[in-house]
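For reference, the structure discussed in these notes is given below.
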Amino acid sequence: MPRGPRLDAPGSYHHVMSRGTGGEEVFRSENDSFNLLLRMHYCLRKTETRVLAWVIMPTHFHLLVQVGEVQLSKVMSRLLTGFCMDYNQIHGRAGHVFMGRFKSILVQDDSYLAELVRYIHLNPVRKGLSTPQRIGAYRWGGHREVMHPVGANGLIDRNGVLALFGDSESVALANYVGFIADGVEQRWRHDFEHGLYLVDRDGMCETKCMPRDDRRYDYSGAVLGSKEFARSVADGMKGRLRSRRSRGTEHEAMKAAAREVAETFDIPLSVLRSRSQRKSAVNARMVLCMVFSRAGISTADAGRFLGLTQQGAWSVLRRCSAGSCPELDEVAASLFERHFNDA
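Heads up: the sequence shown is residues 2 to 344, going by the numbering used here.
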């Protein structure tokens with residue numbers, strides 16, 4: 002089953018992150034960083050998404066945004082789809098550029114915005130790309146925009162950032178500079194990267210209590226805020242999102258579907274989960290991948306289950322896209338109904 006929708010109501014604040022696939026260095030040159038920055042300017046302005054902090058690092062980027070009427074998921078889709086297509090063409094490559102979907106954490110505005118602005122803008126210092134004294138010279142971050150206004154050419158809502166630190170520009174800027182200086186020794190923060198709570202219509206859970214591999218399956222989103230704030234978000238979701246799916250239940254459904262596919266095509270389960278090019282094995286893998294795709298299981302997880310790479314699982318799916326192999330598609334639909342429709 003698909004993961005639930007993001008918690009991106011108009012006016013909400015989000016810490017957004019996206020990392021290169023497998024930890025790859027995505028932004029290899031200034032042209033790569035500049036391409037993303039240009040797209041940020043276009044997409045975020047056009048969708049009236051307000052930016053309070055941003056930074057581009059070699060392997061990933063961070064944004065702190067307030068969404069407008071356009072959902073965050075749509076904003077990021079516009080931003081990343083165009084960038085990835087250009088990136089692959091420029092670098093002569095194919096496949097995913099970033100690791101899965103982007104990550105976003107819903108932020109309680111009154112307590113964490115200033116802290117996140119500092120955390121994001123000091124990323125180059127923590128990673129050794131700049132020094133505290135030279136952070137204002139780091140080109141691919143929003144700190145220099147706060148320090149040196151660039152008017153309409155800036156990505157950041159500078160007035161919005163300074164409003165977090167004081168009533169007048171001079172006082173706010175001085176407070177901001179001091180606040181940044183006080184945080185140069187700050188290390189990586191689990192709560193800023195994963196949130197404090199995971200929420201869904203069925204309740205909430207502290208992120209540190211949830212096994213890492215289960216987080217993206219069982220809950221609709223992460224929240225950085227007080228327990229009361231997280232509870233209010235979870236309460237507001239009741240009655241409108243899908244039920245929580247346990248990782249264990251999903252894996253059992255995957256195994257049951259695989260056993261039935263193997264029986265249907267009269268092959269051993271070991272052959273199904275191998276790279277055999279026997280026609281019956283190839284068709285069986287196509288069906289199982291279509292079943293997993295209908296169930297919202299990622300190609301990475303499908304590949305691991307079948308002993309393939311993520312790209313290998315994707316290639317299997319491409320061979321028989323929905324509708325082009327009607328007989329196999331019919332088998333897949335029937336298997337999905339039996340094994341996943343109530344999982």
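The beta-carbon is built from N, C-alpha and C at its ideal position, and this holds for glycine as well.
Can you tell me whether DSSP reads CYS85 as helix, strand or coil? helix
Buried or exposed, going by whether 16 or more other CB atoms sit within 10 Å of the CB of GLY96? exposed
Closest to LEU45 by CA distance: which of GLN67, VAL56, MET58 and ARG94 is it? GLN67
Taking just the CA atoms, how far does LEU336 sit from GLN312? 23 Å
Tell me the rounded alpha-carbon separation between LEU270 and ALA259. 7 Å
Between the segment 38-52 and the segment 106-125, do at least 3 Cβ pairs fall closer than 8 Å? no
Please report the distance separating the alpha-carbon of MET18 from that of ARG339. 37 Å
Are the segment 157-175 and the segment 190-205 in contact at 8 Å, needing three or more beta carbon pairs? no
Touching or not, the segment 125-135 and the segment 50-58, by the rule of three or more beta carbon pairs under 8 Å? yes
If ARG274 and LEU307 are in contact, beta carbons under 8 Å, what's the gap, nearest whole angstrom? 5 Å
Apart from the five residues just before and just after ARG295, which ones in its own chain have a Cβ nearer than 8 Å to its Cβ? ALA333, ALA334, PHE337 and PHE341
Within 10 angstroms of the Cβ of SER30, are there 16 or more other Cβ atoms? Answer buried if so, exposed if not. exposed
Output the distance between the C-alpha atoms of PHE230 and PHE35, rounded to the nearest integer angstrom. 37 Å
Alpha carbon to alpha carbon, how far is GLU328 from GLN90? 35 Å
Helix, strand or coil, according to DSSP, for HIS149 in the structure here? coil
Looking only at its chain, what residues have a beta carbon closer than 8 Å to the beta carbon of CYS85, apart from the 5 residues adjacent to it on each side? HIS97, VAL98 and PHE99
Go ahead and label ASN284 buried or exposed: buried means 16 or more other beta carbons lie within 10 angstroms of its beta carbon, across all protein chains shown. buried
For the candidate residues PHE293, GLY222 and THR300, whose alpha-carbon lies nearest to that of ALA10? GLY222
For VAL262, I'd like the list of residues in its chain whose CB is within less than 6 Å of its CB, leaving aside the five on either flank, ordered along the chain. ALA285, VAL288 and LEU289
ARG51 lies in the beta strand (DSSP E); which residues open and close that run? 51-57
Length of the line joining the Cα atoms of GLU251 and SER227: 31 Å
Could you compute how far the alpha carbon of VAL234 sits from the alpha carbon of TYR14? 13 Å
Alpha carbon to alpha carbon, how far is ILE157 from LEU107? 19 Å
Pull up the DSSP beta-bridge partners for LYS209, would you. BP columns for LYS209 are empty, so no partner.
What does a CB cutoff of less than 6 Å around TRP141 pick up in its chain, not counting 5 residues either side in sequence? SER34 and ILE57
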